[in-house]
Amino acid sequence: MAIRFVIDKEECFSHNVLYEGDVIHASFVVIKADASWHHIDDGIDLVIKGPGGEKIREFHDKISDKYEFMAQRKGIYHFCFSNKSPFHETVDFDVLVGHYKTYEQHAQNEHFNPIVEHIAKLEEALHNIQFEQHWLEAQTDRQALVNESMSNRAVYKAIFESLALIGASSVQVFLLQRLFERKLGTSRV
-16 MAIRFVIDKE ECFSHNVLYE GDVIHASFVV IKADASWHHI DDGIDLVIKG PGGEKIREFH
44 DKISDKYEFM AQRKGIYHFC FSNKSPFHET VDFDVLVGHY KTYEQHAQNE HFNPIVEHIA
104 KLEEALHNIQ FEQHWLEAQT DRQALVNESM SNRAVYKAIF ESLALIGASS VQVFLLQRLF
164 ERKLGTSRV
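Dropping the structure here:
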């Protein structure tokens, strides 16, 4: 499950794990904040809870992270995000559950079991690659937005500095003209 959502204060998601011993991969990236001049990397909090409500892992003030753990029991796992920032944050969240299947119907033929197990492991490896690609894509999106925001700020700062320099130069020219006018005016008398 991959989702991109906007968080105000708190948002929770659930994922059903069907088998005990499955490997759960979770990642999140804070893509952007709603304020154009906001560039504080406060991050968000994430709490992962198991089917019995027990805390499995907590992340505090993170802008991105990845975590992988083994499900101790089957059931619904909860992923709750908290945003302490006054700005709405766009978050990219991904959960992948890996399960190695065993095929008992082929137990009579020892030659098929290793092949089927390797195919299941390859399937899991491909899912892991997709998971990593999704996480890297979200990181790239975040960096592109940060770079664009920094570029805009640099342009605005350069324009402001240019206008300030032009203003200061104009004031200097005006003051120098008045100074010479007064000096010329007193020397004529």
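Numbering-wise (the working numbering), the sequence shown opens with residue -16 and increments by one. For glycine and all other residues, C-beta sits at the position ideal for the given N, C-alpha and C.
Q.
Among Gln113, Ile39 and Phe64, whose alpha-carbon lies nearest the alpha-carbon of serine 47?
A. Residue numbering aside, residue 47 sits at position 64 when the sequence shown is read from its first letter. Of Gln113, Ile39 and Phe64, the residue nearest in Cα terms is Phe64.
Q: Figure out for me which residue from Ile31, His71 and Glu3 has the closest Cα to the Cα of lysine 176.
A: Residue numbering for the chain in the displayed model covers -16 to 172; residue 176 lies beyond these limits and cannot be assessed.
Q: In the DSSP assignment, find the beta strand (DSSP E) that holds arginine -13 and state where it starts and stops.
A: Mapped onto the sequence shown, residue -13 falls at position 4. It spans -15 to -10 - the beta strand (DSSP E) in which arginine -13 sits, taken as one unbroken run.
Q) Who are the near neighbours of asparagine 111 in its chain, counting only those whose CB is closer than 8 Å to its CB and skipping five residues on each side? A) Here residue 111 refers to the residue found at position 128 when the sequence shown is read from its first residue. The answer, listed in chain order, is His8, Leu79 and Gly81.
Q.
Out of Leu162, Ile31 and Lys67, which one is the CA nearest neighbour of phenylalanine 52?
A. Residue numbering aside, residue 52 sits at position 69 when the sequence shown is read from its first letter. That would be Ile31, whose Cα lies nearest to the Cα of phenylalanine 52.
Q) According to the neighbour-count rule (16 or more other Cβ atoms, all chains shown, within 10 Å of its Cβ), is valine 74 buried or exposed? A) Indexing the sequence shown from 1 puts residue 74 at position 91. Around the CB of valine 74, 16 or more other CB atoms lie within 10 Å, so the residue is classed as buried.
**Q.** Same chain, Cβ closer than 6 Å to isoleucine -10, neighbours up to 5 away in sequence not counted
**A.** Residue numbering aside, residue -10 sits at position 7 when the sequence shown is read from its first letter. Taken in chain order, the residues that qualify are Phe64, Asn66, Glu72 and Val74.
(Q) With a threshold of 6 Å on Cβ separation, who are the neighbours of alanine -15 within its own chain once the five nearest residues in sequence on each side are excluded? (A) In the sequence shown, counting from the first residue as 1, residue -15 sits at position 2. For alanine -15, where only same-chain residues beyond five positions count, the Cβ hits under 6 Å are Asp77 and His117.
Q: Please confirm whether glutamine 113 and valine 12 have their CB atoms less than 8 Å apart.
A: Numbered from its first residue, the sequence shown carries residue 113 at position 130. Numbered from its first residue, the sequence shown carries residue 12 at position 29. Cβ distance not < 8 Å, so glutamine 113 and valine 12 don't count as in contact.
Q. Do you know offhand how far leucine 158's Cα is from serine 152's?
A. The count along the sequence shown starts at 1 and reaches residue 158 at position 175. The count along the sequence shown starts at 1 and reaches residue 152 at position 169. Near 10 Å, if we compare the C-alpha coordinates of serine 152 and leucine 158.
Q: Compare the C-alpha of lysine 49 against each of Glu115, Phe163, Val129 and Asp124 and name the closest.
A: Counting from one through the sequence shown, the residue named residue 49 turns up at place 66. The shortest C-alpha separation from lysine 49 is found at Glu115.
Q. According to the Cβ coordinates, are tyrosine 60 and serine -3 closer than 8 Å?
A. Within the sequence shown, the letter at position 77 stands for residue 60. Within the sequence shown, the letter at position 14 stands for residue -3. Yes, the pair counts as a contact, with Cβ atoms nearer than the cut-off.
Q) What's the C-alpha gap between glutamine 160 and serine 68? A) One-based indexing of the sequence shown puts residue 160 at position 177. One-based indexing of the sequence shown puts residue 68 at position 85. Taking the straight line from one Cα to the other gives about 52 Å.
Q. Do proline 174 and glycine 58 have their C-beta atoms within less than 8 Å of each other?
A. Since the first residue of the chain shown is -16 and the last is 172, residue 174 is not available in this structure.
Q: Would you list the one or two residues that DSSP bridges to threonine 73?
A: For the purposes of this step, residue 73 is taken as the residue at position 90 of the sequence shown. BP columns for threonine 73 point to Val(-11) and Lys15.
Q. Can you list, in chain order, the residues of its chain whose CB lies under 8 Å from that of tyrosine 2, leaving out five sequence neighbours each side?
A. Position 19 of the sequence shown holds residue 2. Within the same chain, and ignoring the five residues on either side of tyrosine 2 in sequence, the residues whose Cβ sits closer than 8 Å to its Cβ are Ala54, Lys57 and His82.
Q: Below 6 Å CB to CB, which residues in the same chain sit around asparagine -1 once its five sequence neighbours on both sides are set aside?
A: The residue given as residue -1 occupies position 16 in the sequence shown. Excluding positions up to five away in sequence, the list reads Ile59.
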